Amino acid sequence: MKNIFDYTYFRTAKRHFKRDGVEAFTAVLTISFIVFLYCIPLYSFLIDILNFKLTHSYDKIILSFIGLFIFFSTKRRYKGKYFTYRDKWINETKREKLLGELFIVFFFFSPLLIMFIMQHFCAF
């Protein structure tokens with residue numbers, strides 16, 4: 171099975187290729203945002219477990235640094251990879267493409283589901 175991160179990058183880059191070109195800024199931003207969404211519940215869980223009492227401004231600063239780290243790591247990982255992934259997935263059938271796009275939608279919304287579950291069922 172294809173790597174969902176790589177496939178999401180490729181599909182987003184392909185959709186915005188005319189505007190972004192090979193740099194695929196929108197695709198990098200999309201992957202970074204999804205990874206950041208996965209980090210928020212983990213961050214909240216760790217803060218609660220370790221019983222840290224952080225002010226709202228410190229939370230914003232820490233989350234900003236986490237977001238920037240994720241963005242620059244993602245940008246470095248996918249630099250120059252668009253054509254590699256295009257060659258890999260250029261011959262997809264319509265069925266494979268539809269299934270892949272359904273996985274992308276699930277991939278995008280699953281961190282929101284995790285946050286919902288943690289907030290409603292894991293109250294400490």
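Be aware that the sequence shown starts at 171, since it is given in our numbering, and climbs by one per residue. Where is the CB? At the ideal position from N, CA and C, for every residue including glycine. Model, not experiment: these values are computed from the prediction.
Spatial distance of residue i from residue j (CA atoms)
i	j	result
Met171	Leu216	Only weak support exists for where Met171 lies, its pLDDT of 37 falling under 50; the value from the coordinates is given anyway. Taking the straight line from one Cα to the other gives about 32 Å.
Phe294	Phe279	Below a pLDDT of 50, predicted positions are generally treated as unreliable, and Phe294, at 47, falls in that range; the measurement from the model is reported next regardless. One C-alpha to the other measures close to 24 Å.
Leu296	Ile287	Lying before the first or after the last residue shown, residue 296 is absent from the chain, which here runs from 171 to 294.
Ile210	Lys258	32 Å
Tyr157	Arg265	The requested residue 157 is not part of the displayed model; the chain covers only 171 to 294.
Lys223	Ile231	14 Å
Ile174	Gln289	26 Å
Asn261	Tyr248	21 Å
Gly250	Phe273	24 Å
Val275	Phe241	20 Å
Thr225	Phe277	31 Å
Thr200	Ser227	25 Å
Beta-carbon proximity check, residue i vs residue j, cutoff 8 Å
i	j	result
Arg185	Glu271	no
Thr244	Ser202	yes
Tyr213	Leu233	yes
Cβ-based neighbour list, residue i, same chain, cut-off 7 Å, excluding 5 preceding and 5 following
i	result
Thr196	Thr182, His186 and Asp190
Asp176	Tyr255
Neighbourhood of residue i by C-beta, 6 Å cutoff - its chain only, sequence neighbours within 5 removed
i	result
Gly237	Phe206
Tyr252	Ala183, Val192 and Ala194
Met285	Pro211
Leu283	none
Delimiting residues of the alpha helix (DSSP H) encompassing residue i
i	result
Val192	Element bounds for Val192: n/a, residue is neither H nor E.
Thr225	Where Thr225 is concerned, there is no enclosing alpha helix (DSSP H), given that its DSSP letter is neither H nor E.
Ile260	It is not in any alpha helix (DSSP H) - Ile260 carries neither H nor E in the DSSP assignment.
Lys184	Ile174 to Arg185
Same chain only: Cβ atoms within 8 Å of residue i, ignoring 5 sequence neighbours per side
i	result
Pro281	Ile204, Leu207, Tyr208, Ile210 and Pro211
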